[in-house]
Amino acid sequence: MNKHYSQMTEEELHDEILMLAQHIRVAKEANNEFELPILEQKMLLVKSHLVDQSMIHPGDLYAIDEEPGSTFRIHHLKGVFAWGNRNEESEMIGLILAKLGQKLESAPQE
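FYI, the working numbering numbers position 109 of the sequence shown as 655, with every residue one higher than the one before it.
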């Protein structure tokens with residue numbers, strides 16, 4: 547029986563990352579354009595379960611990985627997603643935690 551990522555230990559998550567990396571390599575070599583995005587999304591999910599959520603707070607501002615110049619201000623966390631605003635726009639979106647880059651600004655302390 548397969549475990550949910552949320553039920554895996556850190557070691558099991560790292561093993562899953564290694565396995566997915568191998569599958570991604572094979573999919574790229576086979577030029578499998580249908581399987582590759584699914585595997586890449588799974589990889590983001592696994593990596594998101596390794597993020598220390600105690601270090602992420604509403605009001606924090608982050609760069610977004612692989613999106614130079616884009617920022618993301620956190621409104622709240624739900625599971626492995628941060629909800630907030632990209633580039634200070636009014637529309638609220640969800641962003642998987644693994645896509646958070648460098649913290650640019652911490653929320654003001656009360």
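Beta carbons: idealized from backbone N, C-alpha and C, even for Gly.
Between H603, K574, L582, A576, which has its C-alpha nearest K649's C-alpha?
For this step, residue 649 is matched to residue 103 along the sequence shown. Cα-wise, what sits closest to K649 is H603.
Between L582 and the rest of its own chain, which residues show a CB-CB distance below 6 Å, the 5 nearest in sequence each way excluded?
Taking the sequence shown and counting its residues from 1, the one referred to as residue 582 is at position 36. The residues are A573.
Quick one: which unbroken alpha helix (DSSP H) runs of 4-plus residues sit fully inside the stretch 555-611? Chain order, please.
Listed in chain order, the complete alpha helix (DSSP H) runs (minimum 4 residues) inside the stretch 555-611 are 556-575, 581-594.
For R571, is the classification buried or exposed, using 16 other Cβ atoms within 10 angstroms of its Cβ as the cut-off for buried?
In the sequence shown, the residue the question calls residue 571 occupies position 25. Label assigned to R571: exposed.
Skipping 5 residues on each side, what residues in its chain have a beta carbon closer than 6 Å to that of M589?
Sequence index remark: in the sequence shown, residue 589 carries index 43 (1-based). So the qualifying residues of the chain are L566.
Can you have a look at G625 and say buried or exposed, based on whether 16 or more other CB atoms are within 10 angstroms of its CB?
Within the sequence shown, numbered from 1, the residue matching residue 625 stands at position 79. G625 should be labelled exposed.
Rounded to the nearest angstrom, what separates E558 and H595 at their Cα positions?
Position 12 of the sequence shown, counting from 1, holds the residue named residue 558. Position 49 of the sequence shown, counting from 1, holds the residue named residue 595. Answer to the nearest angstrom: the Cα atoms are 11 Å apart.
From L564 to H621, what does the alpha carbon distance come to, in whole angstroms?
Counting from one through the sequence shown, the residue named residue 564 turns up at place 18. Counting from one through the sequence shown, the residue named residue 621 turns up at place 75. When rounded, the distance between both Cα atoms is 32 Å.
I think W629 touches G615, with their Cβ atoms under 8 Å apart; what is that distance to the nearest whole Å?
Position 83 of the sequence shown, counted from the first residue, corresponds to residue 629. Position 69 of the sequence shown, counted from the first residue, corresponds to residue 615. Wrong, their Cβ atoms sit about 21 Å apart, outside the cutoff.
Helix, strand or coil, according to DSSP, for Q648 in the structure here?
Taking the first residue of the sequence shown as 1, we reach residue 648 at position 102. Strand, per DSSP.
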